[in-house]
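Scroll down for the structure; my scribbles are underneath it.
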Amino acid sequence: MSNEELILKVLAEEGNMRKAAERLFLSQPALSQRLQSIEKDWGQQLFIRSQKGLSPTPAGELVIQYANETIQRKEEVFEVLHTLTSKVHGTLKIACATIIGQNWLPKVLKDFVTLYPEAKIQLITGWSSEIVRALYDGEAHIGIVRGHTDWKGTKLHLFKDTLYLVDKEIRSLEELLQTERPFIQFKSDSTYYEEIQQWWQKYFASNPKRQITVDQIETCKQMAVNGIGYAILPSITLTGTEDVHMMPLTNNEEELALTRDTWLIGYESAFQLRQVEAFVDIVEKHAALLR
1 MSNEELILKV LAEEGNMRKA AERLFLSQPA LSQRLQSIEK DWGQQLFIRS
51 QKGLSPTPAG ELVIQYANET IQRKEEVFEV LHTLTSKVHG TLKIACATII
101 GQNWLPKVLK DFVTLYPEAK IQLITGWSSE IVRALYDGEA HIGIVRGHTD
151 WKGTKLHLFK DTLYLVDKEI RSLEELLQTE RPFIQFKSDS TYYEEIQQWW
201 QKYFASNPKR QITVDQIETC KQMAVNGIGY AILPSITLTG TEDVHMMPLT
251 NNEEELALTR DTWLIGYESA FQLRQVEAFV DIVEKHAALL R
């Protein structure tokens, strides 16, 4: 059944009961009964009925104006509601491995904030184990982690990057047997450390003669680039402009490059959020460039 405001609007526009009834898909008796009920509610006669049709009374003009404004306001609210569902609003909470947060994620976020300026971003960085904990604790919608993870929820593979031995002087992995240069390492999650340890033990019978441990991968990189020693770094941290020798770590058995995977993880419910959907779309486009 048509609502009160629409009935008054159509009656005023048509000025004729028969034509108004046709537009409203009502019978003339039903429309006449509805008009009588509306006039009773307002306590005023809203239309003068004559052989020429319907003419609004002074009271009718006021009520018709109210009806038109109400309909217009309703349409405006519907437009806003459509905008809320078609645009990306709200806060996107990301927990990201530090390496990715420093070297790859900024370009992704630049595209995101450009396309969706009304969305807000909260970013947590840390080791991959800390990212998983942030998801468990509800501190993030989605996480970006490195290496192997036992995450049971939604898990999307983004890309893999090769691990390189980087040094100003060493030109081949065989030189590590004789070098006195220190091995510069950065603190990382256990899986990364284990991968490096396993690779080292395949190649060498003893630990590096000298070692330096720093707290951040960027510090490690800068020390290697400045000739203090050699480091093992993922390709995601290297731009190709560094004045160093770069040797990919290989697997002794298959002579394949040693790589490290990057994953996007989260609970299925989070991936249904509009801001998360938009972010994942941009992430996958950037990740495809590295495959």
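In UniProt numbering, the protein residues as written are 1 to 291. Yeah, the Cβ is synthetic: ideal placement off N, Cα and C, and Gly gets one too.
Per-residue DSSP class, three states only, for residue i
{"i": "Gln51", "result": "coil"}
{"i": "Trp263", "result": "strand"}
{"i": "Thr250", "result": "strand"}
{"i": "Val205", "result": "For the sequence presented, residue 205 should be read as Ala rather than Val. Coil at Ala205, not helix or strand."}
{"i": "Ile184", "result": "strand"}
{"i": "Gln178", "result": "coil"}
{"i": "Ile100", "result": "helix"}
{"i": "Val166", "result": "strand"}
{"i": "His245", "result": "strand"}
{"i": "Thr219", "result": "helix"}
{"i": "Ala278", "result": "helix"}
{"i": "Phe78", "result": "helix"}
Bridge partner(s) assigned by DSSP for residue i
{"i": "Leu92", "result": "Ile121"}
{"i": "Arg146", "result": "Thr262"}
{"i": "Pro56", "result": "Phe47"}
{"i": "Gly15", "result": "Answer is none; Gly15 lacks a bridge partner."}
Alpha carbon of residue i to alpha carbon of residue j, nearest angstrom
{"i": "Arg171", "j": "Asp161", "result": "21 Å"}
{"i": "Asn3", "j": "Ser50", "result": "24 Å"}
{"i": "Val214", "j": "Tyr136", "result": "29 Å"}
{"i": "Lys9", "j": "Gln44", "result": "17 Å"}
{"i": "Gln122", "j": "Leu92", "result": "6 Å"}
{"i": "Ala97", "j": "Leu156", "result": "15 Å"}
{"i": "Leu81", "j": "Phe186", "result": "50 Å"}
{"i": "Val280", "j": "Gln197", "result": "33 Å"}
{"i": "Trp151", "j": "Ala95", "result": "14 Å"}
Own chain residues within Cβ distance below 6 Å of residue i, not counting five before or after
{"i": "Leu173", "result": "Met247"}
{"i": "Lys120", "result": "Thr91"}
Same chain, Cβ closer than 8 Å to residue i, five either side skipped, listed in chain order
{"i": "Tyr164", "result": "Ile232, Leu233, Pro234, Ser235, Leu238, Met246, Met247, Pro248 and Leu249"}
{"i": "Leu46", "result": "Leu8, Leu35, Ile38, Glu39, Pro56, Thr57, Ala59, Gly60, Val63 and Ile64"}
{"i": "Leu24", "result": "Ser2, Leu6, Ile7, Val10 and Leu31"}
{"i": "Thr259", "result": "Lys160, Asp161, Thr162 and Leu163"}
Cβ shell of residue i (< 7 Å), same chain only, five flanking positions each side left out
{"i": "Ser32", "result": "Met17"}
Whole-number beta carbon distance between residue j and residue i, since they are thought to touch under 8 Å
{"i": "residue 300", "j": "Tyr116", "result": "Since the first residue shown for the chain is 1 and the last is 291, residue 300 is missing from the structure and cannot be characterised."}
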